[in-house]
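So the structure is just underneath, and the comments pick up after that.
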Amino acid sequence: MHPAFSVISFTTLLGAAQGLIVTLGILRLLGYEINHLAGNLAIGAALLVISLGASFVHLGHPERAWRAALMWRTSWLSREVIVLPIFIGLTVLWAFIESTGVSQAQPPGVLSGLVISILMVSLGLWICTAMIYACIRFIQEWSHPITLINYTLLGLASGLTLTCLLFVIKPQDPTLIRSVGYWAIGLTLLSGLTRWISVQRNAKLSPRSTLQSAIGIRNPTIVQKSMGMSAGAFNTREFFHQRSVFFVSNVKRIMLIFGFILPVALLATGLYWESPVLIALGFPIQYLGMLSERWLFFAQARHPQNLYYQTVS
Amino acid sequence: MTQTKQLALVIDLNVCVGCHACVTSCKQWNTSGSAGPLTDQNPYGADPTGTFFNRVQTYEVDTFPLTQTIHFPKSCLHCEDPPCVPVCPTGASYKRKEDGIVLVDYDKCIGCKYCAWACPYGARELDEERQVMTKCTLCVDRIYSTSLPEAERKPACVMACPTNARLFGDIKDAQSEVSKAILERGGYALMPEHETRPANHYLPRAITEIIEAAKRDLA
Chain A
1 MHPAFSVISF TTLLGAAQGL IVTLGILRLL GYEINHLAGN LAIGAALLVI
51 SLGASFVHLG HPERAWRAAL MWRTSWLSRE VIVLPIFIGL TVLWAFIEST
101 GVSQAQPPGV LSGLVISILM VSLGLWICTA MIYACIRFIQ EWSHPITLIN
151 YTLLGLASGL TLTCLLFVIK PQDPTLIRSV GYWAIGLTLL SGLTRWISVQ
201 RNAKLSPRST LQSAIGIRNP TIVQKSMGMS AGAFNTREFF HQRSVFFVSN
251 VKRIMLIFGF ILPVALLATG LYWESPVLIA LGFPIQYLGM LSERWLFFAQ
301 ARHPQNLYYQ TVS
Chain B
1 MTQTKQLALV IDLNVCVGCH ACVTSCKQWN TSGSAGPLTD QNPYGADPTG
51 TFFNRVQTYE VDTFPLTQTI HFPKSCLHCE DPPCVPVCPT GASYKRKEDG
101 IVLVDYDKCI GCKYCAWACP YGARELDEER QVMTKCTLCV DRIYSTSLPE
151 AERKPACVMA CPTNARLFGD IKDAQSEVSK AILERGGYAL MPEHETRPAN
201 HYLPRAITEI IEAAKRDLA
C-alpha cells in the first residue's frame, strides 16, 4: 500500500495522545498528585484535535465528513468517526473539571466514573482504529490480532514517553516522573517486541492469491505483458509504495533505533542521571520512530490487486 | 444477501482480441452519462492518467512453443458478497437489491478510498478531479433506458465488442444466455479464495484446456 502522510500522522498522533490521557487517567485513579493536570489534559485534547484535522486531509470531500458517522453498524471507520469525538469531548470535560480546582488527593466518585469511562472509550478507539485495517481479510499483513495489540501498545508506549516529556517541562514529584519513566521503558520494550513479531510474521507470509487465481488460468508460467494503460492509474498510485528494498529496510532500521532503542536508552540514562533533557528527548525521538513504524505498516501490506499491475506498458 | 436477480458480464477469453473497444466505449458512454465525467489528467503529456471503469490487460502463458497470449478485460465484478460495501462509512457504496449492481452514490462519497482498499480486484478508481470513488455501473443508465431501442439496452462495452466476447444478463435466471454459458462452458470467478462470490464470470480458453490435458497425458 502507498503510505499516505495524512493517515500516518493521524494514527501516530492519535495513539500518543490516547496514551498520554490514559496515563494521566490511571495516575489520577491511583490518587497521585499531578501538577498542571488540566494543562496536560488540554495538551492531550489539542493533539487529538490536530490528529482529527490530519484525518480530514486524507478525504477527497472533507465537507461531507459528517456522513462518515452513519454506517456504524457495518464499518469500523464509521465507528472510529463516532468514538473519536466522544473521546475528545470527555477529555475536554475532564480537563475543565480539573481546572476548577477539585481535590486531587481522593478523586470523588463522579470524577472516577468519568476517568474510568475515558479509559474504556480510549480502549474502544484503539480497537476501532486497528480494526479498520485488521478487518480487511485479504490483506494478510493486517488481518491478525497482532494489529490490535500493536496499535494499543505503540499508542501506550508513545503516550508514556510523551507524559515523561510533559512531566519534566512542568515540574512534578521526582518519584512520579521515575515511575512513569519505568512504565515508558517497559511499554516501549514490550511494543518493540510485539511489533518485531509482526515484522517477522509478515516476512513469512505466503500470499493466498496468486496470478493464477487472479486471472483463473492454472499454468505455472504467467507473465504480464500489459496492464492496460500506457502510464499510471489510481491502481498503481494507491497500492504500491514505489520505494526500493533498500529504502524499506532502512525505514525498518529507523523504526527499531528511533522507535525503541534510543527512547529506552534516553529514558534509562535520563532517570539514572536525573537529567530532564535526556528524559524530554525521549518523545520527539520516539515519534520519528513511530512515523517510520506506521510508514512500514502500510508499505509492507501487499494488496492482492497488485497482482494485476505488474508491468507498465 | 442472496439476490433473486443478479446482472453480470460473462467474458469469453477464447475470442477477446485485446482491441480495447470495450475500454473506449465504456469511457465514452460513462463520461457523458450519469456516472461521469471520467476525468483525465495530463492526457496529451508524457505521463497521462485518468479514470476508467474497464481495463484490458495482456498476459503471456506458458513457454515457447506453447506460448499463448491472453487478453484479459477487467472491471467491477459486482460481487454477490461485495467486501467494498460494508466498509463504506457513509453508505455511498451500495448493492442494489433489485438487480445486484454495486454502485457508488457520488453525492455521499467522501473520497476516503477505504472501499478501494477493501476490493481485492482493484476494480475501483478514485477520480482525481472529482475526488469521489468511481467504478463500473454495468451501464445502469443504458440498460433500463426507455429512450434507447430495446436491442441497445446493454452495457456499452457489450455493444462495442467486435468479437462478441462479452455476454450480459441475469446469472440467477437459469435460462439466460449468461447462465447457460457459465454452466456449459465452465465459467469461473476470479480469486475464489476470498469468498466474494463475483457475479462476473470468465469462460476458459478451450486451447489452454487442450494443451493442459495433452501435457497431463504426456506426463
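So the sequences go chain by chain: A and B.
Quick note: the first sequence, position 50, residue 50 per the working numbering, numbers continuous.
Quick note: the second sequence, position 192, residue 192 per the working numbering, numbers continuous.
We put the beta carbon where it would ideally sit given N, CA and C, even for glycine.
Predicted, not measured: the structure shown is a model, and the values here were computed from it.
Asked, Found
"Only counting the same chain, and skipping five residues up and downstream in sequence, which positions put a Cβ closer than 7 Å to that of residue 99/A?", "38"
"Buried or exposed: residue 15/A, going by 16 or more other Cβ atoms within 10 Å of its Cβ?", "buried"
"Can you pull out the residues from the region 61-78 of chain B whose beta carbon lies closer than 8 Å to at least one beta carbon of chain A?", "61, 62, 63, 69, 70, 72 and 74"
"Using the DSSP secondary-structure output, state which residues sit across from residue 125/B in a beta bridge.", "134/B"
"For the alpha helix (DSSP H) containing residue 102/A, list its first residue and its last residue.", "Counting along the chain, residue 102/A falls outside any alpha helix (DSSP H), and DSSP gives it neither H nor E."
"So is residue 293/A buried or exposed if we call it buried at 16+ other beta carbons inside 10 Å?", "buried"
"Could you check the C-alpha separation between residue 288/A and residue 28/B for me, to the nearest Å?", "47 Å"
"Measuring only the C-alpha atoms, how far is residue 182/A from residue 198/A?", "25 Å"
"Anything in the region 100-121 of chain B with a Cβ closer than 9 Å to a Cβ of chain A? List those residues in chain order, please.", "107, 108, 109, 110, 111, 112, 113, 114, 116, 117, 118, 119, 120 and 121"
"May I ask you to list the residues that DSSP assigns as paired with residue 73/B?", "56/B"
"Chain B beta carbons: is any one of them nearer than 8 Å to that of residue 74/A?", "yes"
"Which partner residues of residue 49/B appear in the DSSP bridge assignment?", "41/B"
"Within 10 angstroms of the Cβ of residue 95/B, are there 16 or more other Cβ atoms? Answer buried if so, exposed if not.", "buried"
"If distances are taken between C-alpha atoms only, which option among 179/A, 311/A and 249/A comes closest to residue 23/A?", "179/A"
"Hey, residue 177/B and residue 167/B are a contact pair by Cβ (cut 8 Å); roughly how many whole angstroms apart?", "6 Å"
"Can you list, in chain order, the stretches of the alpha helix (DSSP H) that have 4 or more residues and sit fully within the region 93-156 of chain A?", "109-134"
"Could you list which residues in chain B have their beta carbon closer than 7 Å to that of residue 226/A, in chain order?", "57 and 58"
"Residue 91/B CB to nearest chain A CB: under 8 Å?", "yes"
"What beta strand (DSSP E) runs, 3 residues minimum, are completely inside the region 200-285 of chain A?", "222-226"
"Of all Cβ atoms in chain B, is any one closer than 8 Å to the Cβ of residue 11/A?", "no"
"For residue 140/B, I'd like the list of residues in its chain whose CB is within less than 6 Å of its CB, leaving aside the five on either flank, ordered along the chain.", "101"
"For residue 103/B, does the three-state DSSP call read helix, strand or coil?", "strand"
"Show which residues of chain B have a CB atom less than 9 Å away from the CB atom of residue 309/A.", "57 and 122"
"If contact is defined by three or more beta carbon pairs under 8 Å, each pair taking one atom from either stretch, is the region 296-313 of chain A in contact with the region 18-27 of chain B?", "no"
"Along the chain, where does the beta strand (DSSP E) that runs through residue 93/B open and close?", "93-95"
"Tell me whether residue 229/A, by its Cβ, gets closer than 7 Å to a heavy atom of the ligand SAM.", "Because no ligand of any kind appears in the structure shown, any question about the ligand SAM cannot be addressed here."
"What does the alpha-carbon distance come out to for the pair residue 198/B and residue 6/A?", "33 Å"
"Does any residue of chain B bring its CB to less than 8 Å from the CB of residue 88/A?", "no"
"Closer than 8 Å, Cβ to any Cβ of chain A: which residues of the region 186-203 of chain B, in chain order?", "188, 189, 190, 191, 192, 193, 194 and 202"
"On the three-state DSSP scale, how would you describe residue 53/A?", "helix"
"Below 7 Å between beta carbons is the criterion; list the residues of the region 50-78 of chain A that meet it against any residue of chain B, in chain order.", "58, 59, 60, 61, 64, 65, 67, 68, 70, 71, 74, 75, 77 and 78"
"Check the Cβ-Cβ distances between residue 3/B and every residue of chain A, and say whether any is below 8 Å.", "no"
"DSSP on residue 28/B, reduced to helix/strand/coil?", "helix"
"Are residue 322/A and residue 57/B closer than 8 Å when you measure CB to CB?", "Chain A is shown from 1 up to 313; residue 322/A falls before or after that span and cannot be answered."
"In whole angstroms, give me the CA-to-CA distance for residue 184/A and residue 223/A.", "50 Å"
"Given a cut-off of 8 Å, decide if residue 71/B and residue 8/B are closer than it, judged by their beta-carbon atoms.", "no"
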